[in-house]
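Asks: Got a structure for you, written out below as structure tokens; questions coming shortly.
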Amino acid sequence: MSDTPTKRKNDPEGLKKRILAGALKTFAEFGMQGARLEQIAEHAQTTKRMVVYHFVNKEKLYIEVLEQVYQAIREHETGLNLAKMEPEEAMIKLVEASFDYHASHPDFMRLVCTENLLRGRYIVQSERIKALNKSTLDLLDDILTRGQQQGIFIEGLNTVDVHRLLSSICVHHVANRYTFHFLFTPDDKEEDSIRRNRQLAVTATLRYIRKAS
8 MSDTPTKRKN DPEGLKKRIL AGALKTFAEF GMQGARLEQI AEHAQTTKRM
58 VVYHFVNKEK LYIEVLEQVY QAIREHETGL NLAKMEPEEA MIKLVEASFD
108 YHASHPDFMR LVCTENLLRG RYIVQSERIK ALNKSTLDLL DDILTRGQQQ
158 GIFIEGLNTV DVHRLLSSIC VHHVANRYTF HFLFTPDDKE EDSIRRNRQL
208 AVTATLRYIR KAS
């Protein structure tokens, strides 16, 4: 019994990870303004004093949580090895992986919605997030360029527009999951909705970028 607190006390990096994990859950549930450091400390099995010691205040902790979640999704994308795939295969893989990531990480989506409700007040303070998100455009631009060189994708595509398109259905599926289901598809099973929306994201993206046959 006495070993556990000793190990935790001597493991500051482990404690910081627990605090970040607890903060993500708390911010996703209550938003930036509704979250309390006491709740975050309880999730991390520590004290408010230790949360403040490691992260100074709630705002700095919130920004670091934003940085962590964006880093996680960008690392997920770069780990797909898309450069080794043919352009169309790589695009399908990217869209499917993006959809699956959003669907399996609803707290990430809730955090993004929270930041949009705050009109981007905190994300603009992070140069790290700007740098991290450049990787997703680089990946996409490589796929589009290779597809254009092979004559299968149309010329003049804007990489940001393609990213906006492919992410829109992924985001909508999570952000509007309950209201959309209640209003329009109350009889659908969740697995059917996931399968249809996943395919819709792929189909919409490919039709936007492919040359007419």
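Each residue of the sequence shown is one higher than the one before, starting from 8 at the first, in this note's numbering.
Just so it is clear, CB atoms sit at the ideal spot from N, CA and C, and this is done for glycine as well.
#1: For Arg25, count neighbouring C-beta atoms within 10 Å of its own C-beta (all shown protein chains included) and say buried if the count is 16 or more, exposed if not.
#2: Is the separation between the beta-carbon of Gly29 and that of Ile47 shorter than 8 angstroms?
#3: From Gly127 to Leu73, what distance separates their C-alpha atoms?
#4: Quick one: using the 10 Å Cβ neighbour count with 16 as the cut-off for buried, is Tyr77 buried or exposed?
#5: Jot down the residue ranges of each uninterrupted alpha helix (DSSP H) in the stretch 149-202, minimum 4 residues, whole runs only, in chain order.
#6: Across the stretch 53-73 and the stretch 38-45, are there enough close Cβ pairs to call them in contact, namely three or more that are closer than 8 angstroms?
#7: Could you check what DSSP says for Arg81 in three-state terms: helix, strand or coil?
#8: Compute the beta-carbon to beta-carbon distance between Leu172 and Ala138, rounded to the nearest angstrom, for a pair I have assumed lies under 8 angstroms.
#9: Just checking my contact of Leu118 with Lys100 at CB under 8 angstroms: how many whole Å lie between their CB atoms?
#10: From the DSSP secondary-structure annotation, give me the bridge partner or partners of Arg217.
#11: With a 10 Å radius around its C-beta and 16 neighbouring C-beta atoms as the bar for buried, classify Glu82 as buried or exposed.
#12: Taking just the CA atoms, how far does Tyr69 sit from Glu49?
Replies: Well, looking at it:
#1: Within the sequence shown, residue 25 is the residue found at index 18, counting from 1. Answer is buried; the Cβ neighbour count reaches 16.
#2: The residue you call residue 29 lines up with position 22 of the sequence shown. The residue you call residue 47 lines up with position 40 of the sequence shown. Contact: yes.
#3: If you number the sequence shown from 1, residue 127 lands on position 120. If you number the sequence shown from 1, residue 73 lands on position 66. So the two alpha carbons sit approximately 11 angstroms from each other.
#4: Here residue 77 is taken as the residue at index 70 of the sequence shown, counted from 1. Result: buried.
#5: 166-182 and 184-191
#6: yes
#7: Mapped onto the sequence shown, residue 81 falls at position 74. Here Arg81 sits in helix by DSSP.
#8: One-based indexing of the sequence shown puts residue 172 at position 165. One-based indexing of the sequence shown puts residue 138 at position 131. Not a contact, Cβ separation roughly 23 angstroms.
#9: Position 111 of the sequence shown, counting from 1, holds the residue named residue 118. Position 93 of the sequence shown, counting from 1, holds the residue named residue 100. Contact flag wrong, Cβ pair sits at about 25 angstroms.
#10: Here residue 217 refers to the residue found at position 210 when the sequence shown is read from its first residue. For Arg217, the beta-bridge partners assigned by DSSP are Phe160.
#11: Counting from one through the sequence shown, the residue named residue 82 turns up at place 75. Glu82 counts as exposed, since fewer than 16 other C-beta atoms from the protein chains shown sit within 10 angstroms of its C-beta.
#12: In the sequence shown, the residue the question calls residue 49 occupies position 42. In the sequence shown, the residue the question calls residue 69 occupies position 62. Roughly 16 angstroms separates the two Cα atoms.
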